Amino acid sequence: MPARRSAPHIFRPTETNLARLAGALRRGAIVGVPSETVYGLAADALSQEACSGIFAAKGRPTTDPLIVHLASIKELPRVAHANAVALKLAKSLWPGPLTLVLPKTDAVPDIVTAGKRTVAVRIPAHPLFRKLIRLVGRPLAAPSANPFGYVSPTTAQHVRDGLSGTRLRHVLDGGECQVGVESTIIDLVDPDQPRLLRPGGLAVGEIEKAAGCKILLPRPARLEPGVAAPAPGMLARHYSPRTPITLHERIGEDGLAKLSAGEAVLLLRRPARHREDSRIFWLSEDGNLDEIARNLFSLLRRLDGGSWKRIHAETPAGAEGLAPAIRDRLTRAAAKR
Ligand code: TXA
Ligand code: MG
Numbered sequence: 089m090p091a092r093r094s095a096p097h098i099f100r101p102t103e104t105n106l107a108r109l110a111g112a113l114r115r116g117a118i119v120g121v122p123s124e125t126v127y128g129l130a131a132d133a134l135s136q137e138a139c140s141g142i143f144a145a146k147g148r149p150t151t152d153p154l155i156v157h158l159a160s161i162k163e164l165p166r167v168a169h170a171n172a173v174a175l176k177l178a179k180s181l182w183p184g185p186l187t188l189v190l191p192k193t194d195a196v197p198d199i200v201t202a203g204k205r206t207v208a209v210r211i212p213a214h215p216l217f218r219k220l221i222r223l224v225g226r227p228l229a230a231p232s233a234n235p236f237g238y239v240s241p242t243t244a245q246h247v248r249d250g251l252s253g254t255r256l257r258h259v260l261d262g263g264e265c266q267v268g269v270e271s272t273i274i275d276l277v278d279p280d281q282p283r284l285l286r287p288g289g290l291a292v293g294e295i296e297k298a299a300g301c302k303i304l305l306p307r308p309a310r311l312e313p314g315v316a317a318p319a320p321g322m323l324a325r326h327y328s329p330r331t332p333i334t335l336h337e338r339i340g341e342d343g344l345a346k347l348s349a350g351e352a353v354l355l356l357r358r359p360a361r362h363r364e365d366s367r368i369f370w371l372s373e374d375g376n377l378d379e380i381a382r383n384l385f386s387l388l389r390r391l392d393g394g395s396w397k398r399i400h401a402e403t404p405a406g407a408e409g410l411a412p413a414i415r416d417r418l419t420r421a422a423a424k425r
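Here the sequence shown is numbered in our numbering, starting from 89 and rising by one per residue.
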């Protein structure tokens with residue numbers, strides 16, 4: 089049967105709609121779902137065929153593995169072989185924006201893990217996502233619900249905007265994402281050497297506190313397409329708007345004064361001195377990192393919808409809180425084609 093190609097419908101989270109979307113997922117459909125980090129594009133994680141629909145809709149290469157989402161820790165043995173450190177982290181930090189990479193079970197099809205012997209797993213904090221998983225009765229595989237390489241979605245409307253014209257028919261509306269950047273990914277295949285694969289919505293310091301040990305950070309080498317990356321899919325250019333971005337450590341008053349016509353500025357906080365200038369945007373009132381992360385993708389999308397020639401963006405320095413995740417996303421968004 090040829091796929092229908094129109095905009096997906098956005099469903100309010102009523103009991104009837106949840107049951108309907110769970111039914112669609114059980115029959116092998118893909119569904120846009122809210123999470124606390126970004127919206128996901130979900131399918132039955134135990135079905136090779138259902139998951140192939142995710143790759144088709146996103147235009148995602150099958151070398152890039154998916155994250156498997158569970159509703160409770162009890163379901164972990166179904167998909168992964170956990171170790172003591174993994175269980176400790178899972179018990180103290182799930183549900184939440186933390187993904188653990190562990191040896192996989194035979195129940196997980198190859199398409200989910202890109203043929204690897206490991207699987208990435210997390211329990212999302214958004215109650216509607218967990219409720220949907222429970223109604224389906226199966227784990228749900230889900231990458232971010234955007235066309236491959238573009239800025240991740242943090243509202244149901246973003247999902248609709250990005251994936252109209254694909255086979256996606258259903259998006260569950262769970263409001264705006266509260267964290268705003270994807271989960272932090274930790275490789276725990278060797279429990280003696282937990283390694284950070286992707287900085288994200290949970291600060292590494294908090295994970296170290298819960299694990300009671302150090303997390304190895306990746307070498308600061310730049311990741312280039314075609315070069316083996318610590319986590320597959322971590323390309324230098326990703327999360328990218330079409331508008332070119334130039335990064336700055338700080339844009340002060342003289343930087344704002346020197347702005348060329350048609351260029352926008354994206355600041356980390358509201359400028360100290362008020363000015364009437366529609367080219368100036370800010371991610372938070374006073375530099376709060378959680379607020380910056382929450383607003384990052386939606387503001388990048390809004391700016392990309394304008395006709396700016398270039399965006400000058402400030403990046404946060406340091407290793408505190410969500411600064412590394414925000415810096416990572418901005419650096420990839422700004423990487424050259
Ligand atoms: O917050 C999130 O993590 C969101 C929500 C929907 O849960 N999901 C998300 O998925 O960001 P995605 O597909 O955009 O990123 C998943 C990344 C892959 O690109 C890859 O880097 C890593 O997870 N990954 C998945 N399985 C892996 C594995 N077996 N080994 C190493 N890395 C893996
Ligand atoms: Mg993604």
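Glycine is no exception: its CB is placed at the ideal position from the N, C-alpha and C atoms.
These numbers were taken from a predicted model, which means no experiment stands behind them.
Measuring alpha carbon to alpha carbon, tell me which of ILE274, PRO279, ASP280 ends up nearest GLU294. Residue 294 sits at position 206 when you count from the first residue of the sequence shown. Closest by alpha carbon: ILE274.
Cβ of THR254 versus every heavy atom of the ligand TXA: is any distance shorter than 8 Å? Residue numbering aside, residue 254 sits at position 166 when the sequence shown is read from its first letter. For the ligand TXA, no non-hydrogen atom lies closer than 8 Å to the CB of THR254.
Under the three-state reduction of DSSP, which class applies to ALA275: helix, strand or coil? The sequence position of residue 275 within the sequence shown is 187, counting from 1. Correcting the residue identity first, residue 275 is Asp in this sequence and not Ala. Assignment of ASP275 by DSSP, reduced to helix, strand and coil, places it in the strand class.
Mapping the DSSP letters down to three states, classify HIS246 as helix, strand or coil. Taking the first residue of the sequence shown as position 1, residue 246 is located at position 158. Secondary structure of HIS246 (DSSP, three-state): helix.
Can you tell me whether GLY340 is buried or exposed, with buried defined as 16 or more other CB within 10 angstroms of its CB? Walking along the sequence shown from the start, residue 340 turns up at place 252. In this structure GLY340 is exposed. Its beta-carbon is surrounded by fewer than 16 other beta-carbon atoms within 10 angstroms.
Return yes when at least one heavy atom of the ligand MG lies under 8 Å from the C-beta of PRO287, else no. If you number the sequence shown from 1, residue 287 lands on position 199. No, since every heavy atom of the ligand MG falls outside the 8 Å radius drawn around the Cβ of PRO287.
N- and C-terminal bounds of the alpha helix (DSSP H) containing LEU284: The residue labelled residue 284 in the question sits at position 196 within the sequence shown. Boundaries for LEU284: no alpha helix (DSSP H) harbours it, while the beta strand (DSSP E) harbouring it runs 283-286, taken from the DSSP string.
contact_flag[the region 178-187, the region 129-137] where n(CB pairs < 8 Å) is 3 or more: The region 178-187 is not in contact with the region 129-137.
Using a 10 Å radius around the Cβ and a threshold of 16 neighbouring Cβ atoms, would you call GLY289 buried or exposed? Within the sequence shown, residue 289 is the residue found at index 201, counting from 1. Counting the other Cβ atoms within 10 Å of the Cβ of GLY289 gives 16 or more, which makes it buried.
Tell me whether THR187 sits in a helix, a strand or coil according to DSSP, three-state version. Locating residue 187 in the sequence shown gives position 99, where the first residue counts as 1. DSSP places THR187 in strand when its eight states are reduced to three.
With 16 as the cutoff for other CB atoms within 10 Å, does ARG286 come out buried or exposed? As a position in the sequence shown, residue 286 is number 198, starting the count at 1. Its Cβ being crowded by 16 or more others within 10 Å, ARG286 is buried.
Do LEU391 and LEU356 have their C-beta atoms within less than 9 Å of each other? The count along the sequence shown starts at 1 and reaches residue 391 at position 303. The count along the sequence shown starts at 1 and reaches residue 356 at position 268. No, the Cβ-Cβ distance between LEU391 and LEU356 is not below 9 Å.
Would you report the Cα separation of SER94 and ARG257, rounded to the nearest angstrom? Your numbering for residue 94 matches position 6 in the sequence shown. Your numbering for residue 257 matches position 169 in the sequence shown. Annotation: SER94 to ARG257 spans about 8 Å, alpha carbon to alpha carbon.
May I ask you to report which of helix, strand or coil DSSP gives LYS192? Here residue 192 refers to the residue found at position 104 when the sequence shown is read from its first residue. Strand at LYS192.
Nearest by alpha-carbon distance to ALA349: which of HIS336, GLY393, ILE399, ARG363 is it? Taking the first residue of the sequence shown as position 1, residue 349 is located at position 261. The shortest CA-to-CA distance from ALA349 to any of HIS336, GLY393, ILE399, ARG363 is the one to ILE399.
Per-residue DSSP class, three states only, for ILE295: Here residue 295 refers to the residue found at position 207 of the sequence shown. Looking at ILE295 - three-state DSSP - the assignment turns out to be helix.
What is the rounded straight-line gap between the Cα of PRO306 and the Cα of ALA291? What you label residue 306 is simply residue 218 of the sequence shown in a count that begins at 1. What you label residue 291 is simply residue 203 of the sequence shown in a count that begins at 1. Their Cα atoms are separated by approximately 15 Å.
The region 210-223 in contact with the region 245-263 per 3-pair CB rule at 8 Å: Counting Cβ pairs under 8 Å, three or more are found: they touch.
So for ASP132, helix, strand or coil by DSSP? Looking up residue 132 in the sequence shown gives position 44. Strand, per DSSP.
May I ask whether a heavy atom of the ligand MG can be found less than 8 Å away from the beta carbon of GLU270? Here residue 270 is taken as the residue at index 182 of the sequence shown, counted from 1. Checking the Cβ of GLU270 against the ligand MG gives yes.
Boundaries of the alpha helix (DSSP H) in which ALA174 is found, first to last residue: Within the sequence shown, numbered from 1, the residue matching residue 174 stands at position 86. ALA174 -> alpha helix (DSSP H) spans 172-181.
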